[in-house]
Amino acid sequence: MNALKQALDNGKFGITAEMAPPKGYDFSACMEAADMLKGKVHCVNVTDMQSSCLKASSLGLCIKLKEKGLTPILQMTGRDRNRMALQAELFSAAAFGIDSVLALTGDHPTIGDVKEAKPVYDLDSVGILQMISQMEKTGLDCGGNEITGGVPKFFKGAIVTPVYDPMFLQVNKLRKKVEAGAQFIQTQGIFDVDQLKRFMDGIEKAGYTTRIMAGIIPLKGAGMAKYMNANVPGIRVTDQIIEKLAQAGAEEKETGKKGLAMEVGMDIAAEMIAKIKDEKICSGVHVMAIGAEKNVPAILQKAGVSI
Amino acid sequence: MIITQKKPLDEVWQMLEGVTRVALVGCGSCATSCKTGGEPELQEMKEYLESNGKIVTATIIPNESCQKLLMKKELKALKDTDTQAILTLACGDGVQTVADNANIPVYPATNTMFLGQVERVGLFSEACRMCGDCVLGHTGGICPITKCAKSLVNGPCGGQKGGKCEVNPENNCAWIDIYYRLDALGQLDKLKTMRTDKDYKNFAFPRRISIREDK
Ligand code: SF4
Ligand code: SF4
Numbered sequence: 001m002n003a004l005k006q007a008l009d010n011g012k013f014g015i016t017a018e019m020a021p022p023k024g025y026d027f028s029a030c031m032e033a034a035d036m037l038k039g040k041v042h043c044v045n046v047t048d049m050q051s052s053c054l055k056a057s058s059l060g061l062c063i064k065l066k067e068k069g070l071t072p073i074l075q076m077t078g079r080d081r082n083r084m085a086l087q088a089e090l091f092s093a094a095a096f097g098i099d100s101v102l103a104l105t106g107d108h109p110t111i112g113d114v115k116e117a118k119p120v121y122d123l124d125s126v127g128i129l130q131m132i133s134q135m136e137k138t139g140l141d142c143g144g145n146e147i148t149g150g151v152p153k154f155f156k157g158a159i160v161t162p163v164y165d166p167m168f169l170q171v172n173k174l175r176k177k178v179e180a181g182a183q184f185i186q187t188q189g190i191f192d193v194d195q196l197k198r199f200m201d202g203i204e205k206a207g208y209t210t211r212i213m214a215g216i217i218p219l220k221g222a223g224m225a226k227y228m229n230a231n232v233p234g235i236r237v238t239d240q241i242i243e244k245l246a247q248a249g250a251e252e253k254e255t256g257k258k259g260l261a262m263e264v265g266m267d268i269a270a271e272m273i274a275k276i277k278d279e280k281i282c283s284g285v286h287v288m289a290i291g292a293e294k295n296v297p298a299i300l301q302k303a304g305v306s307i
Numbered sequence: 308m309i310i311t312q313k314k315p316l317d318e319v320w321q322m323l324e325g326v327t328r329v330a331l332v333g334c335g336s337c338a339t340s341c342k343t344g345g346e347p348e349l350q351e352m353k354e355y356l357e358s359n360g361k362i363v364t365a366t367i368i369p370n371e372s373c374q375k376l377l378m379k380k381e382l383k384a385l386k387d388t389d390t391q392a393i394l395t396l397a398c399g400d401g402v403q404t405v406a407d408n409a410n411i412p413v414y415p416a417t418n419t420m421f422l423g424q425v426e427r428v429g430l431f432s433e434a435c436r437m438c439g440d441c442v443l444g445h446t447g448g449i450c451p452i453t454k455c456a457k458s459l460v461n462g463p464c465g466g467q468k469g470g471k472c473e474v475n476p477e478n479n480c481a482w483i484d485i486y487y488r489l490d491a492l493g494q495l496d497k498l499k500t501m502r503t504d505k506d507y508k509n510f511a512f513p514r515r516i517s518i519r520e521d522k
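Chains as they are written, first to last, in the working numbering: chain A, 1 to 307; chain B, 308 to 522.
Here it is in C-alpha cells:
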C-alpha cells in the first residue's frame with residue numbers, strides 16, 4: 001500500500017517532500033536529494049513543470065525515485081495534456097509501480113518560460129480526479145472503452161490555497177475535489193498558523209472532512225520572502241518572519257558567518273511543523289524546499305517529527 | 308457581435324498585386340459597428356486604392372454579409388464591370404460568403420477577432436467562445452469559458468492576485484466576478500454543484516445546424 005495512505009489511514013502524522021525534475025537530462029542532483037530524503041518522508045511529490053517552466057517530465061523522475069526505493073507522487077496538470085494523454089500517462093505510471101497522483105489545473109504558459117506554447121486545459125484539477133475515480137469505479141477509460149488486463153488504482157491528492165479572498169471559492173472548490181475522489185490535500189505554503197486554523201474552521205463549517213497536509217516552505221532569506229509575497233499567488237509571509245530573516249541577514253554581513261538566514265528559515269519551518277502536529281491542526285505536512293531538499297531531514301529533526 | 312479589426316494596408320496592398328479593377332464589399336451589420344466595413348471605411352479604402360492607381364469598380368454594403376442568398380443578389384451589381392478581384396471589409400464569414408458567390412479572387416481587408424460585446428463606442432470585449440454547451444445559467448451570466456483564461460468550469464485556479472487573472476493582470480479573475488454576481492443574486496448555491504468538464508464533441512468544427520424540415 002502507498003506509504004502516505006498507510007500513515008494517514010492509521011492516524012499517523014503524514015510527511016511529504018517535493019522535488020522538481022531537472023531542465024535537461026542530468027538527474028544527478030535529484031538523485032543526491034533522493035538519497036537524503038529516503039526513509040525520512042512518506043512520499044515525494046514530483047512536480048509537473050511547475051510555474052509552467054519546461055523541465056523533464058514528472059513521470060521520468062517518479063520512475064527514478066521508485067527505482068531508488070522512494071514512494072513518488074506523480075503530479076499531473078491539465079495544462080499540457082488532454083484527457084487522453086493524461087490517462088495514457090497514468091497507465092504507464094502504474095506499470096512502473098507508481099500508485100499516487102496529485103491533480104492540478106496547472107499554471108498558464110504565459111507566466112512560464114515558454115510563453116508561445118498553446119495551453120490545453122481539457123480537464124481541470126476536479127476533472128482529472130473525476131476521470132481517475134470514474135476509471136477505478138467502472139473499469140473503463142475516459143472514452144467509455146474497456147481497459148484490458150486490470151484497472152490501476154491510485155492514492156489521489158489535490159491542492160488548496162488557504163490564503164484566498166473570497167475564501168468561499170477555495171473552500172467550495174476543495175469540496176468538489178474531495179467529492180471527485182481526492183483522498184489527501186496539500187496546501188500552498190503556510191506562514192501563519194492562525195490563518196491556517198481559520199481555514200480549517202472554514203472547511204469544518206462547510207460540512208465536509210478531508211485529510212489536509214500543511215504546506216511548509218523553508219525560507220532562505222528576507223529577499224526570497226519578499227519576492228514570494230510579490231509574485232507567488234496565495235503566499236503571504238508575515239512581516240514578523242521577514243523581520244527575523246532580515247536580522248539574520250544583517251548579522252551574516254556583519255560577522256561574515258554564512259547561512260544564518262537559511263538557519264533561521266529552517267527554524268521557523270520546524271517551529272511551524274511542531275505546532276501543527278502538537279495542536280493537531282492538520283493531518284501532516286508537505287515540505288517544499290525549492291532546491292534545498294538536503295535541508296529537509298534537519299528541519300524534520302528540529303521539529304521532532306518522523307515517519 | 309463579431310468583432311473585426313482592419314488589416315495593415317501593406318498586407319491588403321500585397322494581396323491585390325497585379326489587380327487593377329477591384330470591387331469593395333462591406334457589411335451593414337457588425338463590421339459597420341466595428342468601424343471596419345461601413346460606409347466611411349469603404350470610402351477611405353476607395354480613396355487609398357484610387358490614389359495608388361487602382362480602379363474601384365463598385366462599393367457594396369449589404370445589410371448583412373453572412374447571408375448567402377442576400378449576397379448573391381448584391382453581387383449582381385458587379386456584372387459587366389470587368390472586376391478582377393473583390394476586397395471584403397467584413398468578418399471572415401462575410402469574406403467566405405462573398406467567395407461562395409463569386410468566380411474571381413476574394414481577399415479579406417480585416418482580421419476577425421472574436422464574438423464580443425460593444426462596451427461603448429469603439430470598445431469591445433470578448434464574451435462568448437461559442438462552446439456549444441452554454442453554462443451561463445450556473446454562473447450568473449458571466450462566461451467562464453471565455454472570461455477565464457483557462458476556461459475552468461469548476462471554480463477558480465489558485466492564480467489570481469488581488470482579484471486579477473494570473474494570465475493577464477488587466478483582466479479580472481472571472482471566477483471572482485462570478486462569485487460576486489451570484490452572491491448579489493442570492494445564488495451562491497449554484498457554485499456547489501459539481502460540473503463535469505466540457506464535452507468537446509460540441510466543439511468539433513466545422514459545425515452545421517439545420518432547423519429546417521427539409522434538412
Ligand atoms: S458557456 Fe460561454 S462560450 Fe459557451 S455558449 Fe455560453 S457564453 Fe458562449
Ligand atoms: S486567475 Fe481566474 S480567470 Fe485567471 S485562469 Fe485562474 S480562475 Fe481563470
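Backbone N, C-alpha and C fix where the C-beta goes; we use that ideal spot for every residue, glycine too.
Is the segment 6-16 of chain A close to the segment 47-62 of chain A, with three or more CB pairs under 8 Å?
no
How should A:S58 be labelled, buried or exposed, when 16 other C-beta atoms within 10 angstroms of its C-beta is the threshold for buried?
As a position in the first sequence, residue 58 of chain A is number 58, starting the count at 1. Counting Cβ neighbours within 10 Å, A:S58 comes out buried, since at least 16 surround it.
Give the C-beta separation of B:K499 and B:V460 to the nearest angstrom, bearing in mind that I take them to be a contact with Cβ-Cβ under 8 Å.
Numbered from 1 along the second sequence, position 192 holds the residue referred to as residue 499 of chain B. Numbered from 1 along the second sequence, position 153 holds the residue referred to as residue 460 of chain B. Not confirmed; about 14 Å, so no contact.
Run down chain B in chain order and give the residues with a C-beta less than 7 Å from the C-beta of A:G234.
Against the first sequence, residue 234 of chain A aligns to sequence position 234. G465, listed in chain order.
Which chain B residues sit within Cβ distance under 8 Å of A:N172?
Within the first sequence, numbered from 1, the residue matching residue 172 of chain A stands at position 172. Within 8 Å Cβ-Cβ: G462, L498, K499.
Could you check the C-alpha separation between B:G493 and A:G157 for me, to the nearest Å?
The residue given as residue 493 of chain B occupies position 186 in the second sequence. The residue given as residue 157 of chain A occupies position 157 in the first sequence. Spanning the two alpha carbons is a distance of roughly 32 Å.
Which residues in chain A have a C-beta closer than 7 Å to the C-beta of B:A456? List them in chain order.
Within the second sequence, the letter at position 149 stands for residue 456 of chain B. Against chain A, the beta carbon of B:A456 has neighbours under 7 Å at H108, listed in chain order.
Does B:T395 pass the burial test, meaning 16 or more other C-beta atoms within 10 Å, or should it be called exposed?
Counting from one through the second sequence, the residue named residue 395 of chain B turns up at place 88. By the 10 Å Cβ count, B:T395 comes out buried.
Once you ignore the five residues that flank B:R502 on each side, which residues in its own chain have a CB closer than 8 Å to its CB?
In the second sequence, residue 502 of chain B corresponds to position 195, counting from 1. Hits under 8 Å: V442, H445, V460, N461.
Cβ-based burial, A:G149 [other Cβ within 10 Å; buried from 16]
Numbered from its first residue, the first sequence carries residue 149 of chain A at position 149. The residue in question, A:G149, is exposed, as its Cβ has fewer than 16 Cβ neighbours within 10 Å.
Residue environment, B:C376, which counts as buried when at least 16 other CB atoms sit within 10 Å:
Position 69 of the second sequence, counting from 1, holds the residue named residue 376 of chain B. A small fix is needed here, since residue 376 of chain B is Leu in this sequence, not Cys. B:L376 comes out exposed.
Just the Cα atoms here: how many angstroms apart are B:Y487 and A:A261?
For the purposes of this step, residue 487 of chain B is identified with residue 180 of the second sequence, where counting begins at 1. For the purposes of this step, residue 261 of chain A is identified with residue 261 of the first sequence, where counting begins at 1. If I take the Cα positions, the gap works out to 42 Å.
Comparing C-alpha positions only, which one of A:K220, A:A248, A:A103 sits nearest to A:A180?
Here the question's residue 180 of chain A lines up with position 180 in the first sequence. Cα-wise, what sits closest to A:A180 is A:A103.
Compute every distance between the C-beta of B:M437 and the non-hydrogen atoms of ligand 1, then say whether any falls below 7 Å.
The sequence position of residue 437 of chain B within the second sequence is 130, counting from 1. At least one heavy atom of ligand 1 is nearer than 7 Å to the Cβ of B:M437, so yes.
Could you work out which residues of chain B lie near A:L169, taking near to mean beta carbons separated by less than 8 Å?
In the first sequence, counting from the first residue as 1, residue 169 of chain A sits at position 169. Simply G462, P463, W482, I483, Y486, L498.
For B:E351, count neighbouring C-beta atoms within 10 Å of its own C-beta (all shown protein chains included) and say buried if the count is 16 or more, exposed if not.
On the second sequence, position 44 is the one that residue 351 of chain B refers to. Under this definition B:E351 is an exposed residue.
Comparing the CB of A:E18 with every heavy atom of ligand 2, is any distance shorter than 7 Å?
Here the question's residue 18 of chain A lines up with position 18 in the first sequence. No, the beta carbon of A:E18 sits no closer than 7 Å to any heavy atom of ligand 2.
Please report the residue range of the alpha helix (DSSP H) in which A:P297 lies.
Counting from 1 along the first sequence, the entry for residue 297 of chain A is found at position 297. 296-303 is the span of the alpha helix (DSSP H), which, as asked, contains A:P297.
For my contact list, A:F155 and A:S100 are in at a C-beta cut-off of 8 Å; report their separation, rounded to the angstrom.
Residue numbering aside, residue 155 of chain A sits at position 155 when the first sequence is read from its first letter. Residue numbering aside, residue 100 of chain A sits at position 100 when the first sequence is read from its first letter. Confirmed, about 4 Å.
Tell me whether B:L489 counts as near ligand 4, meaning its Cβ is closer than 7 Å to at least one heavy atom of that ligand.
Ligand 4 is not part of this structure, which contains only ligand 1 and ligand 2.
Does the CB of A:T71 have a neighbour CB from chain B at under 8 Å?
Stepping through the first sequence from its first residue, residue 71 of chain A is reached at position 71. Chain B contact via Cβ: absent.
Could you tell me the alpha carbon to alpha carbon distance between B:K353 and B:K313, rounded to whole angstroms?
Here residue 353 of chain B is taken as the residue at index 46 of the second sequence, counted from 1. Here residue 313 of chain B is taken as the residue at index 6 of the second sequence, counted from 1. Distance between the alpha carbons of B:K353 and B:K313: 14 Å.
Any beta carbon from chain B within less than 8 Å of A:I326's own beta carbon?
Within the shown structure, residues of chain A are numbered from 1 to 307, placing residue 326 of chain A beyond reach of any answer.
Which residues, in chain order, does the segment 395-426 of chain B contribute to contact with chain A at a C-beta distance below 7 Å?
none
Quick check on the burial criterion: 16 or more other C-beta atoms within 10 angstroms. Buried or exposed for B:R427?
In the second sequence, the residue the question calls residue 427 of chain B occupies position 120. Exposed, since its Cβ has fewer than 16 Cβ neighbours within 10 Å.
Which residue comes first and which comes last in the alpha helix (DSSP H) that contains A:A206?
Here the question's residue 206 of chain A lines up with position 206 in the first sequence. Element bounds for A:A206: 193-206.
So, do the segment 318-337 of chain B and the segment 65-73 of chain A have three or more beta carbon pairs nearer to each other than 8 Å?
no
Need the endpoints of the alpha helix (DSSP H) that A:M36 sits in, please.
Here residue 36 of chain A refers to the residue found at position 36 of the first sequence. 28-37 is the span of the alpha helix (DSSP H), which, as asked, contains A:M36.
Between A:Q170 and ligand 2, is there a pair consisting of the residue's CB and a ligand heavy atom that are separated by less than 7 Å?
The residue labelled residue 170 of chain A in the question sits at position 170 within the first sequence. Because no heavy atom of ligand 2 lies under 7 Å away, the Cβ of A:Q170 does not count as near it: no.
Inter-stretch contact (C-beta, 8 Å, three-pair minimum) for the segment 244-264 of chain A and the segment 192-202 of chain A
no
Identify every residue that forms a DSSP beta bridge with B:V413.
In the second sequence, counting from the first residue as 1, residue 413 of chain B sits at position 106. Looking at the DSSP assignment, B:V413 forms a beta bridge with B:I393.
Please tell me whether A:K176 has its Cβ less than 8 Å away from any Cβ of chain E.
The question asks about chain E, but that chain is absent: this structure's protein chains are A and B.
Using 10 angstroms around the beta-carbon of A:M266, count the other beta-carbons present and answer buried if the total reaches 16, otherwise exposed.
The residue given as residue 266 of chain A occupies position 266 in the first sequence. Per the 10 Å Cβ criterion, buried.
Can you give the beta carbon distance from A:T161 to B:G465, rounded, assuming they're within the 8 Å contact cut?
Reading the first sequence from its first residue, position 161 is the one you call residue 161 of chain A. Reading the second sequence from its first residue, position 158 is the one you call residue 465 of chain B. Yes, A:T161 and B:G465 are in contact; Cβ-Cβ is about 4 Å, under 8 Å.
Does DSSP put A:P152 in a helix, a strand or coil?
Along the first sequence, one-based indexing puts residue 152 of chain A at 152. Of the three classes helix, strand and coil, the one that applies to A:P152 here is coil, per DSSP.
Entirely within the segment 33-99 of chain A and at least 3 residues each: give me those beta strand (DSSP E) ranges in chain order.
43-46, 72-77
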